[in-house]
Structure formats: C-alpha cells, structure tokens
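No gaps in the numbering here: position 55 of the sequence shown is 58 in the working numbering, and each next residue is one more. First up is the structure itself, then whatever we jot down about it.
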Amino acid sequence: MATKWEGTNKVEVKSATADQVWPLLEDYCNFQKWLPTIDTCYKLEGEAGKPGVVRYCSTTIPLSLEGRDEKVTKFTKEKLVKIDPVQRFYTYQVLENNLGIPEARWEGTIQVLPVGDGKSGCEIHWTFAGDRSEVLTYEDMLAFYDNSLKGMAKKIEDSLN
C-alpha cells in the first residue's frame, strides 16, 4: 500500500474564461463563496492573498446518533504556501483538520487553465499530494475532490451568467 497519495481532478467551466474565473478563486479566505460544501471560510492570521496567510474553513453536518439528531462541525485550517496570479494557481498546506487528512504533510493546488484559444471556457484543476490517510480511502479522496470541483464549477457558472 502506498504511503504517499497524489492525484489531480479537473472540471470544465464552459461559460467563462480563465481570466474571469481566476479572480473568484484567488480570494483565498472566501472559499465558501465557490465551494458549496463549506459554510464558512475566513482569515485566521497573516496578510490576505499573501503566502503565509492561514484560513479556517468549516461546515456543519447533521448526525444521527442513538436516536438523537445532532450536528457536527468539520473543519480545516490551511496555510497559503504560494500564489501566482500570472499562472493562475495557488498552493496550500493543511495545518489542522478533523476530516481525516494527514496534517502538515498534505498540500493542495488549485489552478485555472484556459481551454483551446482561451476564449471558450476554462478548466479548474485541483491537485493533492500527501501522506496516506488512516481514515479515508484513496477513492474517497478522489471522490471528494471530484464532487467539490463539480459543485464549484456550477456555482461559478451560475454567478457569471
């Protein structure tokens, strides 16, 4: 069994160019605007948009336990490692979470790339690399990123149309 996981998921945004989509996603501490599975996202420390800034993202999900309906908050704290507005990408590192992602050894990169001539849509790529999770399967991780990207693309398309 592999001790390190790597993967890339991508989704096409047909109705917007990379130049239209990037400004939405580069707003690192407002990720909840575009990722439907996040209820809140905000800056914890550092300068917004600069490497070193730390964001907190969370969602509250219903949980039925022994006949009681309760809610549990799932969260992640992530540090912006690198951002390049010309190449339209940023890389972040997971610092802390309760999602089953190995902490401090997990990085993700979100990049917006033009499709074809750059005037007829774009793709959002979400790449991850890190230690194998003890809680999640590799297939769970791929499905998470795939579903997240599909929801993100829909929210972006809806907002720009």
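Glycine included, each C-beta is placed from N, C-alpha and C at the ideal position. All of these numbers come straight from a predicted model, not from anything done at the bench.
Residue range Tyr141 to Leu163 is occupied by the alpha helix (DSSP H) that includes Glu142. Remark: C-beta atoms of Glu126 and Lys17 do not approach each other more closely than 7 Å.
When only Cα atoms are considered, Phe92 and Glu99 end up about 22 Å apart.
In its chain, beyond the 5 residues on either side, Ala21 and Cys125 have a beta carbon closer than 6 Å to the beta carbon of Pro117.
The segment 20–34 makes no contact with the segment 139–150, as fewer than three CB pairs between them are under 8 Å. Closest by C-alpha distance to His128, out of Gln114, Gly119, Arg135 and Leu139, is Gln114.
The C-beta of Glu81 has 16 or more other C-beta atoms within 10 Å across all chains shown, which makes the residue buried. Taking a 10 Å sphere around the C-beta of Ala156, we find 16 or more other C-beta atoms and assign the residue as buried. Residue nearest to Pro88 within the set Trp25, Pro54, Leu152 and Thr11 is Trp25 (criterion: CA-CA distance).
Look at Ala51 here: in three-state DSSP terms it is coil, with no helix or strand label. Short of 7 Å from the beta carbon of Asn101, and not among the five residues preceding or following it, lie these beta carbons of its own chain, in chain order: Lys77 and Phe78. For the 7 Å CB-CB criterion, Phe147 and Gly10 do not form a contact.
Leu38 has its alpha-carbon roughly 17 Å from the corresponding atom of Asn164. Under DSSP, Ser18 takes part in no beta bridge, so it has no partner. Spatial neighbours of Arg108 in its own chain (CB-CB distance under 7 Å, excluding positions within 5 residues in sequence) are listed in chain order as Gly133 and Asp134. In the three-state DSSP reduction, Trp25 falls in the helix class (H, G or I).
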